[in-house]
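A short write-up of the structure that comes next.
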Amino acid sequence: MKTTQLISFSVLGLLLCTPLSALAQQSEEATVAPVMMRNNLPRVMPLPPRGATTTRSQPLGTPATKERMVASGTRSLPPQIKREMEERDRLIGSGTPPLGERKERIDERRQEMNDRKEERRSEILKRMARQMIGRMNAAIERIEKLADRVDSRIAKLIEKGVDTTSATANVAITRTKITEARAAVAKAEASILGAATQADAMTGSTTPSDAGKPVREALEEARIAVVAAHKALVVAIVSLKANVKIEGVAATSTASSTVN
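Numbering (mature numbering (1 follows the signal peptide of the UniProt record, and there is no 0)), first residue to last: -24 to -1, 1 to 236.
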């Protein structure tokens, strides 16, 4: 009993001896401590909406922008962008046909290129052959005009009594060669049409062919004939000049004898 009373008196004495300010500070610390402990605890972030995606740069709970919502699928695309994307997908899908269809297209394009190549060959053959034929016809016309002039000169010499047998014979040979050259050129011109028809008929054929060979051979024959006509004309002109010299010598000798 005495011990209990002593303890009670001791506690009462301590309380009476402690200042009121110290008691108030102790009570304030006791009330603030739980609040500080609550503030030091980590904050719990709210969960993201269903279907939203997060990245390291975007922690959970960050407000979602329009771009993020569109990328995550939580927000629909604008109608114009959606139409553009659908059109792009359609074009990409139409631009990649199946393997078999692509092979057929490649074969068709290759066949078209071969057809155009054959067509160009026939057109080139026609153009070059006609150019050569035109040149040979022009050469024949010039040779014939010169032959006419030689005939006119021979006629004048005959009137003067000059012997022009050699020149007349050579001019006749020239006329024959001119006729042969005209026939050869006509044959070459006819071969052009046949070669072009053959080239068109063999378009797309896998068998190699030389449709221009007959045309080249005919043109070579025509060229040789024209050259022969020209050579005959040269011989006729040379013989005519010889007759003219003979006439000059005879005229000079006659004049000198008359003077004497």
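Don't be surprised by glycine CBs; every beta carbon is placed ideally from N, CA and C.
Please read these numbers as outputs of a predicted model, since none were measured by experiment.
{"Query": "Buried or exposed by the 16-neighbour rule on C-beta atoms within 10 Å, applied to GLU60", "Result": "exposed"}
{"Query": "Reference LEU216; option with closest CA among VAL191, ALA148 and GLY170", "Result": "ALA148"}
{"Query": "Proximal residues to ARG158 (C-beta, below 7 Å), its chain only, five neighbours per side dropped", "Result": "ILE116"}
{"Query": "CB contact flag (ALA208, THR150, <8 Å)", "Result": "yes"}
{"Query": "Cα-Cα separation between ARG64 and LYS58, rounded to whole angstroms", "Result": "10 Å"}
{"Query": "Contact check, residue 237 vs ILE109, beta carbons under 8 Å", "Result": "Since the first residue shown for the chain is -24 and the last is 236, residue 237 is missing from the structure and cannot be characterised."}
{"Query": "Whether ALA145 touches ILE130 by CB criterion (8 Å)", "Result": "no"}
{"Query": "Classification of GLU196 by the beta-carbon crowding that lies within 10 angstroms, buried from 16 upward", "Result": "exposed"}
{"Query": "Segments assigned beta strand (DSSP E), at least 3 residues, entirely inside the segment 146 to 177", "Result": "none"}
{"Query": "Nearest-angstrom beta carbon gap, ALA160 and ALA114 [assumed within contact, 8 Å]", "Result": "Rounded, the Cβ-Cβ distance is 15 Å, inconsistent with contact."}
{"Query": "Exposure of MET89, with buried meaning 16 or more beta-carbon neighbours within 10 Å", "Result": "exposed"}
{"Query": "Close beta carbons around ALA105, own chain, < 6 Å, minus the five adjacent residues each side", "Result": "ILE168 and VAL191"}
{"Query": "Collapsed DSSP secondary structure at LYS102 in the structure displayed", "Result": "helix"}
{"Query": "Among LYS163, ASN219 and ALA218, nearest to GLU193 - alpha-carbon criterion", "Result": "LYS163"}
{"Query": "Given THR152 as reference, the closest of ILE134, ALA212 and GLN56 once Cα atoms are compared", "Result": "ALA212"}
{"Query": "Nearest-angstrom Cα separation, counted from ALA166 out to VAL126", "Result": "32 Å"}
{"Query": "Which of helix, strand or coil DSSP assigns to THR140", "Result": "coil"}
{"Query": "CA-to-CA distance, ASP124 to LYS221, given in whole angstroms", "Result": "20 Å"}
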